[in-house]
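Residue numbers for the sequence shown follow the numbering used here, so the first one is 2 and each next one is one higher. In this text, a Cβ means the ideal position worked out from N, Cα and C, and glycines have one as well. Source: prediction; values computed, not measured.
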Amino acid sequence: MADGKIKRIVQTEKDGVTKYSIFKLTLALAGILFLLVLALDRFVAVDGLTDRLSAEELNRVPDEFDATVDGMVFISTVVNLVQGELDRPLGGFRPDNIVWFGGLMPFDNVQNFQLGVMETVARTSIFLKERISRAGGGSDEFVEALEEASERFNFSQTDVLFTRFQIREGLDAMKTYQKNLADGKSGFYIRTANLYDMLGVYRELLGDTHRKLAKWEEKDGSSVSMFDTDDYYYYGLGVAYAVMALSRAMEVEFGEVLKQKGALTFLQSYLPSLAYATRTNPPWVVLDGSLNSQFLPNHRSNLETQINDARFKIVSMMDTIRQ
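Shown next, in the form of structure tokens:
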């Protein structure tokens, strides 16, 4: 009887040790898996953000077109921005890839960067359709190609399945407008009012992005989660990247107007802020450290500072143009 009790006690202890060992092993494997996911997420982010087109490549006009035609540099930049995201290695336009469907996978950094780029393109295409392509401002009919492009580029960022096909159609429509510009069949009207209103589009976009980066609470009063922190950060990078490229193109197209209004220095002063933001290497983890912390950085705040600086200078630039 005593031997049986001893055996049961020993067996119970062995079972306990085995369960504890399994628990430790499971915990260790979970930690290793987390580190692997973190490393892969970092690799995907770095790969996805280092293979993007440079500012010079984004502003490049195809050889078959005359770069001196009004609007050609700007429209070529829009085309290159979209084409660059659709043709990325490792998946092209990623928000509608099935592996990210439902937001269940962690590799969403490039996805949010691309959403920032496309939000900029979408707002730009609406302005092109409604203002800059119409000789009589708001009194002319819409240019058909731009009407289609703006419709295709505007999609819900929470419903992105199959949007790459929709964006491809929008890109084709924008290329049609580009060719019509080259052939003299469509216009791109260089006016002070158009420049002023275009700057207003980017002022508003940068303001919206600034608020995403600066907020500590969501609309429902809950704190910004660690999962949303990097989403806002990479979205902000995408916006900065696209606005920088389009602002460089704006400098080419509206150069004379900018000089006449004494506003060229403002544009040249906010470009470095956006360039600095987009040159930043992606962090291993996007941290939301206290603004007074000496140890943990606040990556969102650092990016927000650059974007808000650019927005402030655009406001000053608009005031100068309006005088």
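Query, Result
"The region 142-152 / the region 258-270 touching (three or more Cβ pairs under 8 Å)", "no"
"Which of helix, strand or coil DSSP assigns to residue 155", "coil"
"Residue 251 burial status per 10 Å Cβ neighbour count (16 or more: buried)", "buried"
"Residue from 165, 278, 75, 117 with nearest C-alpha to residue 58", "75"
"8 Å contact criterion, which residue 174 and residue 192 should meet: CB distance rounded", "About 24 Å; that fails the 8 Å criterion."
"Beta-carbon proximity check, residue 271 vs residue 311, cutoff 8 Å", "yes"
"Between the CA atoms of residue 143 and residue 129 - distance to the nearest angstrom", "10 Å"
"Reduced DSSP category for residue 303 - H, G, I as helix; E, B as strand; rest coil", "helix"
"Close-in-space but distant-in-sequence residues of the same chain around residue 308 (CB under 8 Å, 5 per side omitted)", "207, 210, 211, 214, 237, 240, 241, 274, 275, 278"
"Three-pair Cβ contact test at 8 Å for the region 171-186 versus the region 71-86", "yes"
"Integer Cβ distance of residue 60 from residue 246, believed to fall under 8 Å", "7 Å"
"Identified DSSP bridge partners for residue 231", "Beta-bridge pairing links residue 231 to no other residue."
"Residues of its chain near residue 258, where Cβ-Cβ distance is below 7 Å and the 5 sequence neighbours each way are ignored", "191, 193, 196"
"Any C-beta of chain D under 8 Å from that of residue 181", "Although the question refers to chain D, the structure presented lacks it and comprises just one protein chain."
"First through last residue of the alpha helix (DSSP H) which encompasses residue 1", "The first residue shown for the chain is 2 and the last is 324, placing residue 1 beyond what the model contains."
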